[in-house]
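A short worksheet on the structure shown next.
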Amino acid sequence: MSGPRDKTERQAAMVPPSSTPMIDPFGRSISYLRVSVTDRCDFRCVYCMSENMTFLPKGDLLSLEELDRLCSAFIRRGVRKLRLTGGEPLVRRDIMTLFRNLGRHLESGALEELTVTTNGSQLARFADELAACGVRRINVSLDTLDAAKFRQITRWGALGKVLEGIDAAQRAGLKVKINAVALKDFNEEELLPMIRWAHGRDMDITFIEVMPLGEIDGQRADQYLPLSEVRARLSQALTLEGSSHRTGGPARYFSSAETGGRIGFITPLTHNFCESCNRVRLTCTGTLYMCLGQEDAADLRKPLRASESDEALMEAIDRAIARKPKGHDFVIDRTTRQPAVGRHMSVTGG
Ligand code: SAM
Ligand code: SF4
């Protein structure tokens with residue numbers, strides 16, 4: 015008898031990757047899928063989650079085999095880059111099985127890149143295995159290098175463990191990029207030292223504007239630091255040269271002559287980048303969000319489970335892409351109390 019993995023492999027072998035990429039109504043090619051493999055996390059970052067989060071019952075989650083089948087369907091439909099995220103992807107039980115199995119698409123050349131966004135807490139354990147699965151680059155989220163502030167912002171995290179994880183990742187040969195959310199009155203003064211630290215270790219660093227996603231305990235307006243201000247301030251200390259470097263994501267990069275590395279800016283609020291969006295996002299329950307900042311979604315779990323053939327699933331994917339919206343309408347100000355969308359970043363996957 016053949017197991018689910020064999021079945022997926024047979025299907026993947028039978029249907030060659032599409033030569034025509036998925037194109038949305040605004041002419042954008044969709045070649046990048048982010049998958050939130052769990053909504054759970056071992057941290058509770060104050061801008062991401064409330065302290066008392068209600069998570070999905072474990073029974074609602076797609077199995078790793080189902081996630082593999084969904085990812086493989088997207089790859090056959092022209093997705094070239096896949097990022098596993100969450101919640102914290104590395105806390106999902108047996109997650110390395112999914113990485114290992116998806117690695118076959120790297121070997122076949124159907125997939126260009128398999129990556130992960132992680133808080134780093136489990137990296138010391140998994141770095142070698144990630145590299146063995148074909149992962150070459152990873153994003154590690156880190157908002158401060160001060161252990162007490164790290165505990166404050168993550169509520170539950172330990173900085174030392176994350177730093178050990180980054181060491182292990184670099185030893186394993188993974189290219190690490192640091193992602194830091196720029197937070198008003200929290201890490202404003204630290205951004206320059208963080209650039210120096212990251213570049214000193216041969217890591218690029220990207221700053222992110224906080225986005226109004228999900229209810230949290232504080233006010234977004236108290237957290238929001240426009241990156242236009244950050245860039246202006248950094249330019250007083252560093253020569254920032256615009257760079258054509260792209261990683262397939264939304265960051266715009268600058269290189270800094272003084273520190274010899276790149277600084278990325280992800281600016282959903284101050285500079286909308288939706289016109290070049292190439293991404294869609296899948297949740298761990300099989301819901302496809304065509305935009306991080308909109309409520310519209312497509313249920314892929316039903317067609318996935320309805321049949322062993324992927325025909326209905328492929329049709330559902332095409333119908334979803336055909337209604338990808340033009341962009342988000344994020345606003346953070348003192349008068350807008352409601353988040354742009356009710357779900358947290360950990361549900362849709364950052
Ligand atoms: N747990 C992993 C991590 O922290 O890297 C992956 C998931 S996390 C949701 C992905 C990224 O989203 C992190 O870099 C995090 O800082 C960022 N993030 C979370 N909530 C955000 C928000 N409301 N606005 C902007 N970035 C956010
Ligand atoms: Fe967890 Fe990442 Fe959200 Fe922090 S940002 S609570 S690490 S999912």
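Throughout the sequence shown, residue numbering follows the working numbering, covering 15 to 364 in sequence. We treat Cβ as the ideally placed atom computed from N, Cα and C, and that holds for glycine. All of these numbers come straight from a predicted model, not from anything done at the bench.
Contact check, residue i vs residue j, beta carbons under 8 angstroms
{"i": "Arg234", "j": "Val60", "result": "no"}
{"i": "Asn427", "j": "Tyr46", "result": "Since the first residue of the chain shown is 15 and the last is 364, residue 427 is not available in this structure."}
{"i": "Gly101", "j": "Asp53", "result": "yes"}
{"i": "Ile167", "j": "Ile192", "result": "no"}
{"i": "Asp313", "j": "Pro339", "result": "no"}
{"i": "Val149", "j": "Phe113", "result": "yes"}
{"i": "Ile152", "j": "Leu125", "result": "no"}
{"i": "Ile354", "j": "Leu177", "result": "Looking at the sequence provided, one finds Ala at residue 354 rather than Ile. No; because the gap between Cβ atoms is not below 8 angstroms, this pair is not in contact."}
{"i": "Lys198", "j": "Asp231", "result": "no"}
{"i": "Pro282", "j": "Met225", "result": "yes"}
{"i": "Ala212", "j": "Leu239", "result": "no"}
{"i": "Lys95", "j": "Glu127", "result": "yes"}
{"i": "Gly300", "j": "Leu76", "result": "yes"}
{"i": "Cys305", "j": "Val51", "result": "no"}
{"i": "Leu78", "j": "Thr111", "result": "yes"}
For residue i, three-class secondary structure by DSSP
{"i": "Ala196", "result": "strand"}
{"i": "Gly148", "result": "coil"}
{"i": "Val29", "result": "Confidence is the limiting factor: at Val29 the pLDDT is only 45, short of 50, which leaves the residue's position unreliable, though a coordinate-based value still follows. Reduced to three states, the DSSP call for Val29 is coil."}
{"i": "Ser122", "result": "helix"}
{"i": "Ser269", "result": "strand"}
{"i": "Val154", "result": "strand"}
{"i": "Lys72", "result": "helix"}
{"i": "Gly300", "result": "coil"}
{"i": "Arg42", "result": "coil"}
{"i": "Arg19", "result": "Caution applies to Arg19, whose pLDDT of 47 falls short of 50 and renders its modelled position unreliable; the value that the coordinates give is listed next. Here Arg19 sits in helix by DSSP."}
{"i": "Met36", "result": "strand"}
{"i": "Ser135", "result": "coil"}
{"i": "Lys175", "result": "helix"}
{"i": "Glu127", "result": "strand"}
{"i": "Glu243", "result": "helix"}
{"i": "Gly214", "result": "helix"}
Residue environment, residue i, which counts as buried when at least 16 other CB atoms sit within 10 Å
{"i": "Phe40", "result": "exposed"}
{"i": "Gln250", "result": "exposed"}
{"i": "Gly356", "result": "exposed"}
{"i": "His358", "result": "buried"}
{"i": "Val130", "result": "buried"}
{"i": "Glu80", "result": "buried"}
{"i": "His119", "result": "buried"}
{"i": "Pro71", "result": "exposed"}
{"i": "Arg107", "result": "exposed"}
{"i": "Arg97", "result": "buried"}
Residue i CB to nearest heavy atom of the ligand SF4 below 7 angstroms
{"i": "Asn133", "result": "yes"}
{"i": "Met63", "result": "yes"}
{"i": "Thr158", "result": "no"}
{"i": "Gly307", "result": "no"}
{"i": "Met328", "result": "no"}
{"i": "Gly101", "result": "yes"}
{"i": "Thr220", "result": "no"}
Cβ-heavy atom distance, residue i to the ligand SAM, below 7 angstroms
{"i": "Gly364", "result": "yes"}
{"i": "Cys59", "result": "yes"}
{"i": "Glu255", "result": "no"}
{"i": "Leu144", "result": "no"}
Residue i versus residue j - alpha carbon distance
{"i": "Leu205", "j": "Ala265", "result": "17 angstroms"}
{"i": "Val49", "j": "Gly263", "result": "14 angstroms"}
{"i": "Glu243", "j": "Cys147", "result": "40 angstroms"}
{"i": "Tyr303", "j": "Ser269", "result": "33 angstroms"}
{"i": "Gln25", "j": "Thr68", "result": "For Gln25, the predicted model reports a pLDDT of 48, less than 50, meaning its position is unreliable; a value from the coordinates is still stated below. Straight-line Cα distance between these residues: approximately 36 angstroms."}
{"i": "Thr362", "j": "Leu296", "result": "7 angstroms"}
{"i": "Gly123", "j": "Phe344", "result": "37 angstroms"}
{"i": "Ala330", "j": "Glu272", "result": "50 angstroms"}
{"i": "Ile277", "j": "Leu241", "result": "12 angstroms"}
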